[in-house]
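Novice:
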Amino acid sequence: MFSRINKKYLFIPIIMTLFIFMQSLLPGDVSGRQSGRIVTFILEVLSVFKIEISYDILSTIIRKGAHFTEYLLLGFSWMFIFFEKEYVKIGMKYALILSFFTASIDETIQLFVPG
């Protein structure tokens, strides 16, 4: 069925998965500082345009947006690995299953990390 799996690009979703897991292993204060720098920068840019938004709301948007983007890119990279014109739906199913599996492990890791 998947005779032409793009094995030479398999490193992309593997590296993305490792990145996601490494981010999950960061304690809450370290992760907060990372996203805090981005939030502060965006707040400064928005203030130039006289746009006001609370730090907490913007922080939530940035963190959730980053999380969503990570998994979106992971899903696309898995789809690219399994893509064959004749089996698009099956490739999408494998990509979804692998991304869901990664997300489940990621959430489990976060249970054991402080913060």
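Here the numbering used here runs 174 ahead of the position in the sequence shown, where the first position is 1. Think of the CB as a built atom: it goes at the ideal place given N, C-alpha and C, for glycine as much as any other residue.
#1: Check whether the region 213 to 228 touches the region 240 to 253, counting contact only when three or more Cβ pairs, one atom from each stretch, lie closer than 8 angstroms.
#2: Measure the Cβ-Cβ separation of Ile236 and Ile212 and say whether it is below 7 angstroms.
#3: In the DSSP assignment, find the alpha helix (DSSP H) that holds Ile231 and state where it starts and stops.
#4: Which value, in whole angstroms, describes the spacing of the CA atoms of Val204 and Gln197?
#5: Figure out for me which residue from Ile271, Ile264, Glu258, Gly289 has the closest Cα to the Cα of Asn180.
#6: Let me know if Ile271 comes out buried or exposed under the rule of 16 or more other beta-carbons within 10 Å of its beta-carbon.
Specialist: Taking the definition as stated:
#1: no
#2: For the purposes of this step, residue 236 is taken as the residue at position 62 of the sequence shown. For the purposes of this step, residue 212 is taken as the residue at position 38 of the sequence shown. Contact flag set, yes.
#3: In the sequence shown, the residue the question calls residue 231 occupies position 57. Segment 229 to 256, the alpha helix (DSSP H) holding Ile231.
#4: Working through the sequence shown from its first residue, we reach residue 204 at position 30. Working through the sequence shown from its first residue, we reach residue 197 at position 23. Going from the Cα of Val204 to the Cα of Gln197 covers about 10 angstroms.
#5: By one-based count along the sequence shown, residue 180 stands at place 6. Among Ile271, Ile264, Glu258, Gly289, the Cα nearest to that of Asn180 is on Glu258.
#6: On the sequence shown, position 97 is the one that residue 271 refers to. It counts as exposed.
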